[in-house]
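Q:
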Amino acid sequence: MTPQNIFKTISERLQTAATVKTVYGDPVVAEGKTIIPVARVRFGFGAGFGEGDTGGEGVSGNAEADKGGGGGGGVEVRPVGFIEITPGETRYVSIEGGRTAARLAFLGLLAAFLLLMRRSKRVEPKAK
Numbered sequence: 000m001t002p003q004n005i006f007k008t009i010s011e012r013l014q015t016a017a018t019v020k021t022v023y024g025d026p027v028v029a030e031g032k033t034i035i036p037v038a039r040v041r042f043g044f045g046a047g048f049g050e051g052d053t054g055g056e057g058v059s060g061n062a063e064a065d066k067g068g069g070g071g072g073g074v075e076v077r078p079v080g081f082i083e084i085t086p087g088e089t090r091y092v093s094i095e096g097g098r099t100a101a102r103l104a105f106l107g108l109l110a111a112f113l114l115l116m117r118r119s120k121r122v123e124p125k126a127k
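All residue numbers for the sequence shown refer to numbering that gives the first Met the number 0, where the first residue is 0 and numbers rise by one.
(1) For Phe81, count neighbouring Cβ atoms within 10 angstroms of its own Cβ and tell me buried if that reaches 16, exposed if not.
(2) Please say whether Phe44 and Ile9 have beta carbons closer to each other than 7 Å?
(3) Does the segment 101 to 114 touch the segment 71 to 85, meaning 3 or more C-beta pairs lie closer than 8 Å?
(4) Leaving out the 5 sequence neighbours to the left and right, which residues in its chain are closer than 8 Å to Gly70 when beta-carbon positions are compared?
(5) List the endpoints of the continuous alpha helix (DSSP H) containing Thr21.
(6) Between Val37 and Thr21, how many whole angstroms is the CB-CB distance? I'm expecting something under 8 Å.
(7) Would you kindly work out how many angstroms separate the C-alpha atoms of Gly67 and Gly49, rounded to a whole number?
(8) Ignore the nearest five residues each way along the sequence and tell me which others in Arg77's own chain have a CB closer than 7 Å to its CB.
(9) In chain order, what residues of the same chain lie with their CB nearer than 6 Å to the CB of Gly72, ignoring the 5 residues before and after it?
(10) For Ala29, which residues does DSSP report across the bridge?
(11) Less than 6 Å between C-beta atoms, sequence neighbours within five positions excluded: which residues of the same chain meet that for Val28?
(12) Since Pro78 is in the beta strand (DSSP E), which residue starts that stretch and which ends it?
Below is the structure:
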């Protein structure tokens, strides 16, 4: 398989998976409200290819075996909230509020720890 074929195969699969339905789920209607789930979708992929020894025989001793190839990808779908539609209003409700606060608190603690470690290395003990 050539690098072009690998990229073509991966991009075709992503095109079929990357639809509006992936981000916005099917609406659910109950008690006069319509709820539409919302998700964050991330795609990632990579591919590689190699050739063999240009002298004709590589490590394997077989010029045909001195090729390579590979590819792969991944998808992450994470719910982030929902859209609530009622006769009186439409609103978006996030379910990530606690996660964001926890992430910021962790980053703040990590930064404080790193600053304290850096500061403690600067202070040299007094010689007696």
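For every residue, glycine included, the Cβ atom is placed at its ideal position computed from N, Cα and C. Here the structure is a predicted model, which is why all the values come from computation and not from measurement.
A: Straight from the coordinates:
(1) buried
(2) yes
(3) no
(4) Ile5, Phe6, Thr8, Ile9, Phe44, Gly45, Ala46 and Gly47
(5) Val19 to Val22
(6) 11 Å between Cβ atoms; not a contact.
(7) When the Cα atoms are used, Gly67 and Gly49 turn out to be separated by approximately 5 Å.
(8) Result list for Arg77: Ala38 and Arg39, in chain order.
(9) Here the set comprises Ile9 and Phe44.
(10) Lys32
(11) none
(12) Gly69 to Ile84
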